[in-house]
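All remarks here apply to the structure that follows.
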Amino acid sequence: MKILLVCPYFFEPHRWMISAYKTAYALSKKHQITVLTTGKKPYEKISTNLEIYRMKDWFLPDPINYSIVPGLFKKFLFITKHTKPDIVLINKYMFYTTLVIFVAKIMRLKIPFIISTDTFPGLNWHPRSKLIDIVMKIYNFVLGIPALKLADRVILFHSGNIAIAKKLKLNYIVIPNGVDIDAIKKAKLPRDLIKTSGEIWIGYVGRLESVKGWDLLAQTALQIVPRYRNVKFLFVGNKIGKEKEIKQYAHPQIKFLGHRNDVYSIMKKLDIFVLPSYSEGLPNALMEAMACGCACIASNVGGVKDLIQHKKNGLFLQPNDPNDLPKKIKYLLNNENARKQFQSVSHKIIYHKFSWTKINYQLDKLLFNITK
Numbered sequence: 323m324k325i326l327l328v329c330p331y332f333f334e335p336h337r338w339m340i341s342a343y344k345t346a347y348a349l350s351k352k353h354q355i356t357v358l359t360t361g362k363k364p365y366e367k368i369s370t371n372l373e374i375y376r377m378k379d380w381f382l383p384d385p386i387n388y389s390i391v392p393g394l395f396k397k398f399l400f401i402t403k404h405t406k407p408d409i410v411l412i413n414k415y416m417f418y419t420t421l422v423i424f425v426a427k428i429m430r431l432k433i434p435f436i437i438s439t440d441t442f443p444g445l446n447w448h449p450r451s452k453l454i455d456i457v458m459k460i461y462n463f464v465l466g467i468p469a470l471k472l473a474d475r476v477i478l479f480h481s482g483n484i485a486i487a488k489k490l491k492l493n494y495i496v497i498p499n500g501v502d503i504d505a506i507k508k509a510k511l512p513r514d515l516i517k518t519s520g521e522i523w524i525g526y527v528g529r530l531e532s533v534k535g536w537d538l539l540a541q542t543a544l545q546i547v548p549r550y551r552n553v554k555f556l557f558v559g560n561k562i563g564k565e566k567e568i569k570q571y572a573h574p575q576i577k578f579l580g581h582r583n584d585v586y587s588i589m590k591k592l593d594i595f596v597l598p599s600y601s602e603g604l605p606n607a608l609m610e611a612m613a614c615g616c617a618c619i620a621s622n623v624g625g626v627k628d629l630i631q632h633k634k635n636g637l638f639l640q641p642n643d644p645n646d647l648p649k650k651i652k653y654l655l656n657n658e659n660a661r662k663q664f665q666s667v668s669h670k671i672i673y674h675k676f677s678w679t680k681i682n683y684q685l686d687k688l689l690f691n692i693t694k
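For the sequence shown, the working numbering assigns the number 323 to the initial residue and increments by one for each residue that follows.
So, in structure tokens, the structure goes:
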């Protein structure tokens, strides 16, 4: 089957869009995948079944984090004519690239569309900026929701979106993102990061954006390290544009590693993983940390409830309470048995429910049902 995956970004250092990256690689094992996205390199052939077309864009940085793509519609029509896809899969409906569904309908292209989303921005996902939140709500009602209603099917990444999908009367199905278990098993420990006996490593992996709450963890780290000399905090994520902010957290026990391609390797060395987001969908980094055997602390937002049960395999935190995160971290630092319990249970949950083998089966079934 020939699938055109349209997404705003595709695994760039400052714009990861891991859900699109994972979906493309997983589906390319059985299908011919063409990715239409933004970036510098116009064309790239990754494998026999995976090719990428990139367009120039105007990127509005944090806290907006949005791209305007002037050549989107022309490129979309060119690729649909050139590759003749059996189906178009749009990743994350809140971005500019989703507008191709309107172009397809205007041009009367007879191609089925699937739109996937992990959130409904302005409805159950909110940035820290009230102004941007208002803009998101306007976008939702003017373009976002109409686009979703034009789709042949809407994939929800987690059950927390069901109530809104029902209210909007969307034709939806819940299929989460998956974790590449084999890649995690094969990942070797990083040679440049030496962990001495007795050290406890606490980590964050993700974009250094305001909505992710990384600064909350960095502030907490400054409180923790003077009293816990055996603890190190590692932040993995692109540092470009954040240099001034990072300087205020300078400390020998706090490391900002920048963008890394060996995330699984680093996660395997972490004892505790923290996701202090103010809003979330189904967080890939949290799923991967669980699969790597980390004890996890995460904000009780979005699809996190599908992954963590409080005090059974992790801890919930309240990002708006500055005293909550230090309390939760200290609890795990002082309670090795709890850490081991969370690590073991989380590892099993990901392996049994979120492996790409199981997720791929669900995706294949959906694709064939829509195109038959």
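In this text, a Cβ means the ideal position worked out from N, Cα and C, and glycines have one as well.
- Distance from the CA atom of A540 to the CA atom of P330, rounded to whole angstroms, is 29 Å.
- Setting aside the 5 residues that flank it on each side, Y673 is surrounded in the same chain by I503, A613, each with a C-beta closer than 8 Å to its C-beta; the list follows chain order.
- When C-alpha distances from V457 are compared across V391, F442, L470, the shortest belongs to F442.
- Judged by beta-carbon spacing, I594 lies within the 8 Å limit of I651, meaning their Cβ atoms are closer than that value.
- The Cβ-Cβ distance between I522 and V553 falls below 8 Å.
- Taking a 10 Å sphere around the C-beta of V464, we find fewer than 16 other C-beta atoms and assign the residue as exposed.
- Between the alpha carbons of R475 and G520 lies a distance of about 51 Å.
- Annotated three-state conformation of Q354 is strand, per DSSP.
- Distance from the CA atom of N691 to the CA atom of K577, rounded to whole angstroms, is 48 Å.
- The DSSP-derived three-state label of H581 is coil.
- Residue pairing from DSSP places C618 in a beta bridge opposite F595, G636.
- Between S438 and N413 the beta-carbon gap is near 6 Å, inside 8 Å, which marks them as a contact.
- S341 carries a helical assignment under DSSP once its states are collapsed to helix, strand and coil.
- Contact check between the region 591-608 and the region 640-650: three or more CB pairs, one atom from each, fall below 8 Å, which counts as touching.
- By alpha-carbon distance to L655, the top candidate from Y550, K491, K351 is Y550.
- If you look at F435, you'll find it isn't in any alpha helix (DSSP H); it sits in the beta strand (DSSP E) that goes 435-439.
- Minimum Cα-Cα distance from I454 among the listed residues Y494, I325, I484, I386 corresponds to I386.
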